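Report on the following structure.
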Amino acid sequence: MDRKSFGEILMVRQGKGQRRWALPGGKVERFESLVHAVKREVKEETGLRIFQGQPVHFYDRFPSGNVTILFRVTLKKQEMPKRIRPTAEILGMEFKKSLPSKSTPSAKHFWNMMHPPQPPRV
2 MDRKSFGEIL
12 MVRQGKGQRR
22 WALPGGKVER
32 FESLVHAVKR
42 EVKEETGLRI
52 FQGQPVHFYD
62 RFPSGNVTIL
72 FRVTLKKQEM
82 PKRIRPTAEI
92 LGMEFKKSLP
102 SKSTPSAKHF
112 WNMMHPPQPP
122 RV
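Residue numbering for the sequence shown is 2 to 123, as defined by the working numbering.
Pasting the structure below:
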């Protein structure tokens, strides 16, 4: 989720393990569409409802065979994030202008896809 006008991306702080920053997401349930899975996971992790989603990038994880898909989504009714009650899975969420150093590998991968390095100015 991004706020284009501010160049910020919504990230969640994991409640387990190393408590890294990640993009909201999860697994697709059996017989569930990708779009429904995105809406469900965002709602479960942040309490926010999304209006629409568009896949913008993907990568596969060899040798597990898992495929991770990045969606750009729009919040319903310009809904802005509220403070969320920490759970075992998610400690909190914030819009970030830069990639936190303590981020998951997939968050780093997708952040770099969405924010490619700028060539040096001459």
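Beta carbons are placed, not taken as given, at the ideal position from N, Cα and C, and that holds for glycine.
Note that the structure is a prediction, hence the values are computed from the model and not measured.
Helix, strand or coil: which one does DSSP assign to residue i?
i      : result
Leu-49 : coil
Arg-41 : helix
Val-57 : strand
Val-29 : coil
Leu-76 : strand
Assign residue i to one of two classes, buried (16 or more other C-beta atoms within 10 Å of its C-beta) or exposed (fewer than that).
i       : result
Pro-120 : exposed
Val-74  : buried
Gly-54  : buried
Ala-89  : exposed
Leu-35  : exposed
Provide the residue(s) that pair with residue i in DSSP beta bridges, ordered along the chain.
i      : result
Asn-67 : Arg-62
Lys-97 : Ile-10
Met-15 : Note that residue 15 is Gln in the sequence shown here, rather than Met. For Gln-15, which the question treats as bridged, DSSP gives the partners Ile-91.
Following the continuous alpha helix (DSSP H) through residue i, name the residue where it begins and the one where it ends.
i       : result
Phe-111 : 106-115
Thinking just about the alpha-carbon of each residue, which of the options is nearest to the one in residue i?
i       : options                           : result
Phe-59  : Val-123, Arg-14, Met-114, Pro-118 : Met-114
Ser-107 : Leu-49, Arg-21, Lys-17            : Arg-21
Arg-14  : His-116, Val-123, Arg-86, His-110 : Arg-86
His-37  : Arg-62, Asp-61, Phe-72, Asn-67    : Phe-72
Gln-19  : Pro-118, Ile-51, Arg-62, Ser-102  : Ser-102
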